[in-house]
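**Q** A single structure is presented below for examination.
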Amino acid sequence: MSEADSARRQFRLGLLLLACITPLAALCTALAAALGALMLSEARKRLHPPAPQPTPRTPLPRFASPRPSQRADTRRPRRGPRPHSRIVH
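Per my numbering, the sequence shown starts with residue 319, numbered consecutively.
Put into structure tokens, the structure is as follows:
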């Protein structure tokens, strides 16, 4: 076996090794990124707990008047023109 054949064989072996290691490294990188995102998500959940659920409004008794916030119009209509804030001499 000549020196050139040995060099070709080494070159092919190197390419084969590179072809096997590259996808494995990409897979490890993807798994590490997914695991990091999962850990970050869990950490955010622990740091910022969900807000408490609002309590449901209690229904009004029958024949009760509605609350002021539930009335259609809470302001009385104006009588006459609006008063001026400026003093006219």
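Glycine residues also receive a C-beta, built at the ideal position from the N, C-alpha and C atoms.
For Ala322 and Gly332, I'd like the C-alpha separation in whole angstroms.
**A** Looking at the two C-alpha atoms, the distance is approximately 15 Å.
**Q** Just the C-alpha distance for Thr347 and Thr376, rounded to the nearest angstrom, thanks.
**A** If you take the alpha carbons of Thr347 and Thr376, they lie about 54 Å apart.
**Q** To the nearest angstrom, how far is the alpha carbon of Pro374 from that of Thr340?
**A** Looking at the two C-alpha atoms, the distance is approximately 58 Å.
**Q** Is Leu331 near the ligand ATP, with its Cβ less than 7 Å from a heavy atom?
**A** The model depicted lacks the ligand ATP and carries no ligand whatsoever.
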